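One structure is given here, and the rest of the page talks about it.
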Amino acid sequence: MLQLNRDDLVQAYIRMRTIREFEERVHTEFAGGAIPGFVHLYAGEEASAVGVCMNLEDKDYIASTHRGHGHCIAKGCDVEAMMKEIYGRREGSCGGKGGSMHIADLSKGMMGANGIVGGGPPLVCGAALSAKTLKTGGVAIAFVGDGGSNQGTTLESYNLANVWNLPAVFVVEDNGYAESTASAWSVGGSQLKRAEAFGMPGREVDGHDFFAVYEAAKEAVDRARAGKGPSLLHVKLNRYYGHFEGDAMTYRADGEVEALRETVDSLAAFRARVTETGLLEGRQLDDIDREVAASIGQAVTAAMSAKAPGEEDLLTDVYVSY
Amino acid sequence: MAKKSYRQAINEALAQEMRRDPTVIVMGEDNAGGLGAPGEDDAWGGVLGVTKGLMPEFGRERVLDTPISESSFIGAAAGAAATGLRPVAELMFVDFMGVCFDQIFNQAGKFRYMFGGKAVTPLVVRTMYGAGFRAASQHSQCLYPIFTHVPGLKVVLPSSPYEAKGLLIQAIRDDDPVIFLEHKVLYDDEEEVPDEPYTIPFGEANLTREGKDVTIVALGRMVKFANQVADGLETDGISCTVLDPRTTSPLDADSILESVEETGRLVVVDEASPRCNMATDISALVAEQAFGALKAPIRMVAPPHTPVPFAPELEDLYIPSPEKIGAAVREVMEHGA
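Quick mapping for you: the protein sequence lines, in order, are chains S and B. Counting in this note's numbering, the first sequence runs from 73 upward without gaps. Counting in this note's numbering, the second sequence runs from 100 upward without gaps.
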């Protein structure tokens with residue numbers, strides 16, 4: 073099956089399960105009032121982040137969106153540090169100064185979730201330029217939502233990546249809704265025709281199918297690594313929760329989410345595929361489920377008891393020197 | 100040492116830093132020029148020729164021409180800075196910040212804080228500002244107070260060729276994002292500029308005239324006017340200190356306060372629009388921290404609260420002039436004699 077060995081498949085499943093478990097727990101904890109601010113959950117979209125990032129190494133960069141937890145986990149960010157960050161703790165990924173929308177770990181090639189819709193694609197052009205100029209062999213991936221796909225920054229980045237022939241991939245995660253507004257209404261033309269118009273290949277991908285995403289991303293990443301320029305993936309998927317936690321989702325149809333959980337669950341699809349083909353055993357996956365649940369539980373416990381930053385932290389980290 | 104123009108001083112700083120450090124790259128619209136066109140290569144070297152000659156020496160891989168697409172390439176410069184390069188991106192006119200400000204203030208300026216001190220973003224945005232070029236409302240603004248307002252950015256206003264070279268080399272070597280504002284009317288000004296590379300530290304004001312009666316704090320092109328005024332008033336027996344803060348962020352508050360403690364009078368000259376500009380900021384600083392030393396009300400000399408007009412007669416009225424600065428100094432001298 074493709075170029076993934078059993079270890080890769082186990083790794084892919086661990087990451088997808090970690091994202092799901094992480095988001096389900098954040099949902100619960102947020103509802104209980106333990107988490108400050110607001111969070112945007114990635115549950116339901118796991119196959120996209122993991123399918124793409126299984127093609128990447130630490131030297132490769134990604135930039136993410138408001139809905140960034142999944143991308144962080146898929147790129148290898150420390151899960152306990154992420155949970156602490158979401159709780160606003162001093163030991164969080166960003167010392168409690170970033171929060172859910174700004175989790176980053178440049179050492180893992182994660183350039184940050186982003187509070188600005190369409191903020192990531194220009195940054196990714198820069199990371200791709202660094203890779204090209206410094207000849208690292210790396211690539212850079214911009215995750216952008218269907219909402220972000222309509223920002224000028226995104227469209228300008230398509231153009232810049234093409235005229236500079238950058239090792240970049242634009243992954244448009246189309247979950248059907250930009251906040252509460254349907255992408256069916258807000259996206260003029262089509263994502264693939266946009267790619268074509270800017271002179272790059274584009275592919276539509278079923279974002280619930282890890283294997284389809286992995287394969288399409290592999291083609292785009294390989295192309296970028298070979299110096300052949302950028303590509304676009306239009307990944308169609310669904311989110312199980314609202315735009316943000318607390319969103320009553322009155323814009324969705326009655327029973328829509330329940331039906332999605334039944335019919336398009338990327339984890340269930342993955343499990344069926346690898347067990348039916350005998351690549352992995354159900355028991356192995358059950359073990360992973362238990363281990364991941366325990367580790368996320370541990371992350372929440374650790375986050376709850378971790379220290380908040382203090383007054384001594386307020387003024388630091390604004391500048392390297394001032 | 101030879102006389103060099105402001106333009107040449109900036110060009111020399113860029114070339115010397117690019118020779119010293121292979122991670123320094125330059126990008127912007129027409130920074131070389133002529134890309135893909137049938138005529139000359141390096142056709143422009145920037146719209147006013149500031150980057151001329153860099154592309155022939157360093158190649159298109161390090162002197163990148165861009166589409167007219169500031170949000171993408173200023174953002175790319177921010178992303179490149181966070182991932183191993185030292186980009187010097189040119190925003191042709193500061194007035195165009197409206198289409199790329201997000202990349203500067205929400206992205207580059209906040210990476211370090213948002214990411215808990217783990218990001219280093221050695222980005223320089225060079226940009227042209229200021230009135231006096233008959234360039235009208237969308238090509239003549241100052242706007243540096245807006246950058247100064249944003250924590251995470253450093254803001255530099257070189258007032259002469261010597262200042263421009265030393266401050267730009269400092270900016271390129273600095274590990275924080277720097278907005279480097281070049282006054283378009285100064286490009287042909289000349290003075291002695293050392294051939295070798297040198298740096299001028301940020302946050303250290305330059306005392307360009309030393310006097311005992313009045314402190315004039317002036318920025319950018321206004322330093323030149325303030326010096327002229329100080330020289331002229333000397334013959335009338337009015338002795339002025341002129342302080343050029345050089346950088347509005349960080350701001351050398353100590354030098355300003357110390358000077359006002361000595362003179363007891365303050366005139367602040369700022370070419371930026373008058374509400375929430377550097378003149379108001381510096382006046383507030385002095386009112387708060389050196390009130391007891393003041394012998395006279397603080398005077399601010401700034402343009403009126405209007406867009407920059409086109410007609411030369413109106414633009415000349417708009418720009419703070421040496422006459423207006425001189426009048427403000429005479430006015431504060433009426434107090435506390």
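The C-beta atom is built at its ideal place from N, Cα and C for all residues, glycine as well. Just so we're clear, the structure is a prediction, and the values are computed from it rather than from any experiment.
Kindly say whether residue i, judged by its beta-carbon, lies nearer than 7 Å to any beta-carbon of chain B.
{"i": "S:Ile188", "result": "yes"}
{"i": "S:Met73", "result": "At S:Met73, the pLDDT of 45 sits below 50, so the modelled position is not reliable and the matter cannot be decided from this model."}
{"i": "S:Pro194", "result": "yes"}
{"i": "S:Cys144", "result": "no"}
{"i": "S:Ser338", "result": "no"}
{"i": "S:Thr349", "result": "no"}
{"i": "S:Ser229", "result": "yes"}
{"i": "S:Cys166", "result": "yes"}
{"i": "S:Lys131", "result": "no"}
{"i": "S:Thr225", "result": "yes"}
{"i": "S:Val392", "result": "yes"}
{"i": "S:His112", "result": "no"}
From the DSSP output, in three-state form, read off residue i for me.
{"i": "B:Pro121", "result": "coil"}
{"i": "S:Val259", "result": "coil"}
{"i": "B:Leu190", "result": "strand"}
{"i": "B:Glu291", "result": "strand"}
{"i": "B:Leu342", "result": "strand"}
{"i": "S:Lys204", "result": "helix"}
{"i": "S:Glu384", "result": "helix"}
{"i": "S:Lys180", "result": "helix"}
{"i": "B:Asn305", "result": "strand"}
{"i": "S:Met321", "result": "coil"}
{"i": "S:Arg355", "result": "helix"}
{"i": "S:Pro273", "result": "coil"}
{"i": "B:Glu412", "result": "helix"}
{"i": "B:Met126", "result": "strand"}
{"i": "S:Ala254", "result": "strand"}
{"i": "B:Ile278", "result": "strand"}
{"i": "S:Val235", "result": "helix"}
{"i": "B:Lys283", "result": "helix"}
{"i": "B:Lys209", "result": "coil"}
To which residues of the same chain is residue i closer than 6 Å at the C-beta, ignoring the five residues directly before and after it?
{"i": "B:His238", "result": "Phe192, Asp194"}
{"i": "B:Leu134", "result": "Asp164"}
{"i": "B:Ala112", "result": "Lys264, Leu267, Ile268"}
{"i": "S:Tyr230", "result": "Phe270"}
{"i": "S:Gly219", "result": "Val189, Ala250"}
Considering just the uninterrupted stretch of the alpha helix (DSSP H) at residue i, what are its terminal residues?
{"i": "B:Phe172", "result": "169-180"}
{"i": "S:Asp294", "result": "282-297"}
{"i": "S:Tyr133", "result": "Run containing S:Tyr133: none in the alpha helix (DSSP H); it sits in the beta strand (DSSP E), 133-135."}
{"i": "S:Tyr313", "result": "Careful: S:Tyr313 lies outside any alpha helix (DSSP H) and carries neither H nor E."}
Any beta carbon of chain S sitting closer than 7 Å to that of residue i?
{"i": "B:Arg185", "result": "no"}
{"i": "B:Asp120", "result": "no"}
{"i": "B:Pro250", "result": "yes"}
{"i": "B:Pro349", "result": "yes"}
{"i": "B:Thr182", "result": "yes"}
On the DSSP letters alone, give me the boundaries of the beta strand (DSSP E) that residue i sits inside.
{"i": "B:Lys102", "result": "101-104"}
{"i": "S:Lys156", "result": "Looking at the DSSP string, S:Lys156 is not in any beta strand (DSSP E); the run it does join, the alpha helix (DSSP H), is 151-158."}
{"i": "B:Ile315", "result": "313-317"}
{"i": "S:Phe215", "result": "212-217"}
{"i": "S:Arg240", "result": "Checking the displayed sequence, the identity of residue 240 of chain S turns out to be Ala instead of Arg. S:Ala240 -> beta strand (DSSP E) spans 240-246."}
{"i": "B:Val162", "result": "162-164"}
{"i": "S:Phe94", "result": "Where S:Phe94 is concerned, there is no enclosing beta strand (DSSP E), although the alpha helix (DSSP H) it sits in stretches over 78-103."}
{"i": "B:Leu365", "result": "365-368"}
Please go through the same chain and pick out, in chain order, the residues whose beta-carbon is closer than 8 Å to the beta-carbon of residue i, but skip the five residues on each side of it.
{"i": "B:Lys253", "result": "Ala270, Asp273, Asp275, Pro276, Val277, Ile278, Phe301, Thr346, Ser348, Pro349"}
{"i": "B:Ala101", "result": "Glu291, Val292, Asp294"}
{"i": "S:Ser150", "result": "First, the amino acid is wrong: residue 150 of chain S is Asp here, not Ser. Excluding sequence neighbours, S:Asp150 sits near Ser165, Asp177."}
Whose C-beta lies closer than 7 Å to the C-beta of residue i among residues of the same chain, with five residues either side of it excluded?
{"i": "S:Ala199", "result": "Tyr133, Met183, Ala212"}
{"i": "S:Val364", "result": "Ile86, Arg89, Thr90, Glu93"}
{"i": "S:Phe142", "result": "Residue identity differs from the one stated: residue 142 of chain S is Gly in this sequence, not Phe. Hits under 7 Å: Ile91, Tyr114, Glu117, Glu118, Ala121."}
Out of the options, which has the shortest C-alpha to C-alpha gap to residue i?
{"i": "S:Ser262", "options": "S:Lys308, S:Ser179, S:Met154", "result": "S:Lys308"}
{"i": "S:Val277", "options": "S:Phe94, S:Ser120, S:Pro108", "result": "S:Ser120"}
{"i": "B:Leu184", "options": "S:Gly220, S:Thr208, S:Ala146", "result": "S:Thr208"}
{"i": "B:Ala230", "options": "B:Ser338, B:Glu412, B:Val431", "result": "B:Glu412"}
{"i": "S:Thr205", "options": "S:Gly299, S:Asp246, S:Val244", "result": "S:Gly299"}
{"i": "S:Gly123", "options": "S:Pro108, S:Asp358, S:Ala284", "result": "S:Ala284"}
{"i": "B:Leu318", "options": "B:Glu309, B:Val367, B:Glu289", "result": "B:Val367"}
{"i": "S:Cys144", "options": "S:Asp326, S:Cys197, S:Ala214, S:Gly382", "result": "S:Ala214"}
{"i": "S:Ile107", "options": "S:Thr335, S:Phe316, S:Gly327, S:Gly350", "result": "S:Phe316"}
How about residue i: is its C-beta nearer than 7 Å to some C-beta of chain D?
{"i": "B:Thr362", "result": "The structure shown contains no chain D; its protein chains are S and B."}
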